[in-house]
Each structure stands twice: as structure tokens, then as C-alpha cells.
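Trainee: Numbering-wise, the UniProt record's numbering puts 147 at position 147 of the sequence shown, and it's gapless, one number per residue.
Here a beta-carbon is modelled for each residue, glycine too, at the ideal position from N, C-alpha and C.
Predicted model, so just to flag it, every value in this text is computed and none were measured.
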Amino acid sequence: MIMRIKLARLIAFVVVFANIIVIYYSLRLFVSFGGFKSYYTVPTVKTSTKSPTKHISKLVTIIIREFESFENDVAATVQSFLNVFPNIQLMIVYDSSPYPPLDINLKNGSFRNLKTVNLSPSLKVPYIERHPVLQIKTKYVLFVPDSTRISSRQNLQYMIAELSKQPENIIVVPTSNKKDLGCLRINVNIREWTLKYSLIKGTVCDGVTGKHLILMETEILKKLSDPFILPFPHSLYIQTAPLLIKINILKSPSFQEGKPVLRSHHAQWKQKQVNASRLKNLYTLFQLKQVVRETGATEWYGCTRETPRCFGPILDLMPSYLFEGKWTPPCCLSNLRKTAKHVFNSLDEAGIRYWLEAGSLLGAMRSGDILPWDHDVDIGFNRDDLLRSPWLTKAQDKPVVDSKGFLWEKATGGNFYRINYSKTNKIYVNLFPFYCKNGTMTKDAWYTSHKNMEFPDNFLHPMSSIEFIGRQVPSPNNIRDFLELKFGKGAIENPEYPNPSRLPFP
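1. Please classify Lys50: does DSSP put it in a helix, a strand, or coil?
2. Does Asn113 come out as helix, strand or coil in the three-state DSSP assignment?
3. Is the beta carbon of Leu119 sitting closer than 8 angstroms to the one on Val78?
4. Can you tell me which of Val377, Arg388 and Gln268 puts its alpha carbon nearest to the alpha carbon of Tyr419?
5. Glu192 by DSSP, collapsed to three states: which one?
6. Which residue wins for smallest C-alpha separation from residue 537, given the options Lys124, Gly470, Asn438 and Ile466?
7. Look at the alpha carbon of Glu349 and the alpha carbon of Gly413, and state the distance between them as a whole number of angstroms.
8. In whole angstroms, what separates the C-alpha of Tyr421 from that of Gln268?
9. So the alpha helix (DSSP H) Thr284 belongs to, where does it begin and stop?
10. In the structure shown, what three-state DSSP assignment does Leu215 receive?
11. What are the start and end residues of the beta strand (DSSP E) that includes Thr209?
12. With DSSP as the reference, label residue 564 as helix, strand or coil.
13. To the nearest angstrom, how far is the alpha carbon of Glu71 from that of Ser96?
14. Under 8 angstroms, do Leu199 and Ser235 count as touching if we go by C-beta distance?
15. Would DSSP call Ser198 helix, strand or coil?
16. With distances taken from CA atoms, which of Asn108, Lys107 and Thr61 is nearest Met91?
17. Specify, as a first and last residue, the run of the alpha helix (DSSP H) that Val78 falls within.
18. Tell me, which residues are paired with Gln166 by DSSP?
19. How is the beta strand (DSSP E) around Tyr94 delimited, first residue to last?
20. If you draw a straight line from the alpha carbon of Met441 to that of Gly359, how long is it in whole angstroms?
21. Just to confirm before moving on: does the CB-CB distance between Phe482 and Phe455 stay below 8 angstroms?
22. Could you have a look at Arg305 and say whether DSSP puts it in helix, strand or coil?
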């Protein structure tokens, strides 16, 4: 009986074990054909071995350009960013070695990723080491103003995320929520040598005022003429505006202000003087002669009465700037208007019969002003009246400066006169003496390049007048016929440069 029970248990165990073996191999076979995949897929989770801090450090180079050597907080600003991003690349850019030296020990291991770039030429420094753009290896650059603090890496992460949505533009954030940034529209007119600012509402701008950080792709820097010239970032926006690169202001996140700097009256005065010098250098470099501020105030950075005019000798009536795709500098036009008004007043006082001539009359017909590419004003006058003017009389023998500082002289190589803005600044008005001969107004000497050719005297009987540079000026009658006689049919409607064979009008 006992033997039968043991045998039955053994058989049952063998059967159960055999079933387990069958089920096991059946399952293995089922899985090998992807049976479970059609019903259930286990999600895979990728885990990054890189921390966000290290990731940002490989994307961004921080640049400090905006500081004064005589008083700054650069060392603490650098340390603040290294505390949050120990491995990030930093660069301090300056025109000459700061004095007193910055309180930074480059031999300190914590500053191993910090570079200093001196932009000044040196026999000891190779070209590549003087040009920051050539040393930047990251996708983005973050310009940080002096005396700025960062407390969280999320600030920069957020800026990068926003920039990735519009990589062709620039992102800026204020250093403090307590201070609003000004949004500017910037109009850089290279052809007319002018720069105009205007305040606008909104967060999409051409330029920004106020203390702020700037994030952009490094590729944008490579498109600019001189991205690190001072004053910064004023110079940056002058260069990005013509490229239609927009500046987007983010309201958050904000950073923090560092140690107060430049608070004393002396420091502020010194910074104001330095900044004025930098602005003058900047506008001279980019050949901007007239700057209209957002307040409406106009600043001039071109020629004055005490300096030579902005262009050199003229060949074939074609100033050099026309071949550069530019028109007459606005300072020269302004000085030319002053000279012309002075000449008109002098001729009126002397009782001399005169009229607007050639290209100047053409400009009066088109816009009531000097042609924007013209470099002089042409006036014809009755030769019989010459001795009525004491200045013309004196100028027959030698150049003479009148009581208002204008230089009157007889032109070399031609029987006509020039009145210059000053002895130094030779922007001038031409005075051509005509006389009547057999019903034709003629003169003794001619320049084939001038359009002051002979014409019937009935154009001056009676005289007419026309609006020119803000006043009424005597002119021939039937002005259209007069101009088409000299310049050809349709001259008023079809602009041309003085010598179209050398350069066609754009």
C-alpha cells in the first residue's frame, strides 16, 4: 500500500515537471517570433549622463566688453558666473590692458576657462589672438555688462530656449526687473551718411537702451564689420540694424545688479568724456555724419567751418563718394546751404541781377533744395553789375574773406567766381558772369562740363522766382523749357549724375 502511494506521487511530480518544461520552451519560442511585441512594448527611457550645467557650458561663451578700466566690478562678475557654470568659457575684451589691472589671477585653477583679448595691435601677439570672433568655438555668445550677478542656471537656459525659436534674431534681458529697457527703432542710411533713432513701444526693437545682457548666435558676429568697437552695445545695434536683425526683450528672467560702480561725480564725468570720444570715433569709422537722437536733437560728426570738407578734389564733376554708392554728406549740404543763403543776401544787398542756374535750378524744380548728390550751387549773374559788389570787385585781384568769414575768389582757369564756406572748408557757390550779345546770354569762358551754356535772353525778361533752400530765389521764366534746353527733354523727371557716361544713376 505504501509503495503504491510513493509511486503515484513520483508519477505526479514527473508530470508536473514535464509540463513546466513544455511551457517554458513554448514561451521562449513565442517570444523569439515577437509574440509579445504585438501586444505590449516596454518603453525605453534614455538617461543623459550630461548635466544641464555642462551642456550649457559647451553651448555658450560669456563675453564682458562693457566696463571701464578706472572703476569696475569685472572680477566679481566673472566669479558669479563661474559659481553657477564652473566649466563655461569666458572672455574679457578690451582696447588696451586695463590699468589698474583687473583683480583676476589667471593662474588660479578656477579661471582656467577665462581668456583676455587685447584688441590693440602688438608685435608680440598674432592676428588670431587679437580677434575674439576667431577664438569663439561655441554656438552662442552672451554679452554681460559689468557688475552683473547670476544666481540660477535656469536664467540662461530660458534665454537659450527662447533664442532657439528665432535664431536669426537677438535676445536681451534686463539686469534687474526694477529697470525697464528702452526700445529703439534705428535707421542707418548709408547713402546719406545719417543715423536716426526713435523710441517705440513694444519688445521687438532695432536697439535697446538700459543695462542688459545680450544672447545671440556666434554666426551673427561674423556678419558684422567690427562687433566689439566701443561704446558697446551702442555700436553693435548700429551694425545689426541694417541687416534687419531684430532685438527681442524678455521680461524674465532677470539677473541681479552687482556692486555699484561709477557713482561719484568724478567717475561719471570721466565716463561721459570717454563715451563722447568713443562715439566720435565710432561715427567717424562708420562714416556717419549726422545723428538724430530719439529726443529729436541733431548731432554733427562731419566737416565744420574750421575743417576741410568731407571729400577731396573733383574730377569730371564726379565726387569720389558717388562711386562708393553715396550722396553728398549732410554736413556738406548744410554748409553749402549756409553759403548759398549768404551769397543770395550779398547779391541782393548789392543790387546785382542774378538767377539760379543749371543743376541748382534742377534741384529747385524737383524738391526746392540742392540735389542730394550735388556738391555746389550754380548762380548766373549780369556781368554789367559786377562792380556793384565790393567782394566781387576785390576778388578780381586776390582771394578775400568777408566780414562773415566766407572766402571770395576768382576761379583758376575760368572767368567766374567761387564763394567758399571758409578759407579752410572749400564747399562753394559758383558765380557765372553772363552778358547779352545779339539777344543771347553768353560769357567769355566756358567749361564743357558745366550746363551753363548760352541761352536766349528772353528767359530773363521777365525774371521769375522759385523756392530754393527755404527762400524765394530769382530764376529764368519758363523754367522747364530752360532746363530742357540745357539738360534735354524730360530732365526734371529723369535724374542723372553730372557725368552719366562715368556712372549711371541708380
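Mentor: Per the coordinate set shown:
1. Along the sequence shown, one-based indexing puts residue 50 at 50. Here the model assigns Lys50 a pLDDT of 45, short of 50, so the residue's position is not dependable and the matter cannot be decided.
2. Numbered from 1 along the sequence shown, position 113 holds the residue referred to as residue 113. Coil at Asn113, not helix or strand.
3. Here residue 119 refers to the residue found at position 119 when the sequence shown is read from its first residue. Here residue 78 refers to the residue found at position 78 when the sequence shown is read from its first residue. Contact flag unset, no.
4. Within the sequence shown, residue 419 is the residue found at index 419, counting from 1. The residue you asked about is not Tyr; residue 419 is Ile in the sequence shown. Per the Cα distances, Val377.
5. Working through the sequence shown from its first residue, we reach residue 192 at position 192. When secondary structure is reduced to three states using DSSP, Glu192 falls in the coil class, being assigned neither helix nor strand.
6. Absent from the model: residue 537. The displayed extent of the chain is 1 to 506, so no value can be given.
7. The residue given as residue 349 occupies position 349 in the sequence shown. The residue given as residue 413 occupies position 413 in the sequence shown. C-alpha of Glu349 to C-alpha of Gly413: approximately 28 angstroms in a straight line.
8. Position 421 of the sequence shown, counting from 1, holds the residue named residue 421. Position 268 of the sequence shown, counting from 1, holds the residue named residue 268. Between the C-alpha atoms of Tyr421 and Gln268 there is a straight-line separation of about 38 angstroms.
9. Working through the sequence shown from its first residue, we reach residue 284 at position 284. His265 to Leu285 is the extent of the alpha helix (DSSP H) around Thr284.
10. Locating residue 215 in the sequence shown gives position 215, where the first residue counts as 1. Strand at Leu215.
11. As a working mapping, residue 209 is identified with position 209 in the sequence shown. Following the DSSP letters along the chain, one finds Thr209 inside the beta strand (DSSP E) bounded by residues Gly207 to Thr209.
12. Because the chain is modelled from 1 through 506, residue 564 falls outside the range shown and cannot be assessed.
13. In the sequence shown, counting from the first residue as 1, residue 71 sits at position 71. In the sequence shown, counting from the first residue as 1, residue 96 sits at position 96. Rounded to whole angstroms, Glu71 to Ser96 spans 15 angstroms at the Cα level.
14. Numbered from its first residue, the sequence shown carries residue 199 at position 199. Numbered from its first residue, the sequence shown carries residue 235 at position 235. Not in contact: Leu199 and Ser235 (Cβ atoms no closer than 8 angstroms).
15. For this step, residue 198 is matched to residue 198 along the sequence shown. Of the three classes helix, strand and coil, the one that applies to Ser198 here is strand, per DSSP.
16. Along the sequence shown, one-based indexing puts residue 91 at 91. From the listed residues Asn108, Lys107 and Thr61, the smallest Cα separation to Met91 is found for Thr61.
17. The sequence position of residue 78 within the sequence shown is 78, counting from 1. Here the alpha helix (DSSP H) through Val78 covers Val74 to Val84.
18. The residue you call residue 166 lines up with position 166 of the sequence shown. Answer is none; Gln166 lacks a bridge partner.
19. Taking the first residue of the sequence shown as position 1, residue 94 is located at position 94. Where Tyr94 is concerned, the enclosing beta strand (DSSP E) stretches over Gln89 to Tyr94.
20. What you label residue 441 is simply residue 441 of the sequence shown in a count that begins at 1. What you label residue 359 is simply residue 359 of the sequence shown in a count that begins at 1. Inter-residue distance for Met441 and Gly359 is about 18 angstroms (C-alpha atoms, whole angstroms).
21. Working through the sequence shown from its first residue, we reach residue 482 at position 482. Working through the sequence shown from its first residue, we reach residue 455 at position 455. The Cβ-Cβ distance between Phe482 and Phe455 falls below 8 angstroms.
22. Taking the sequence shown and counting its residues from 1, one reaches residue 305 at position 305. Under the three-state reduction of DSSP, Arg305 is assigned to coil, being neither helix nor strand.
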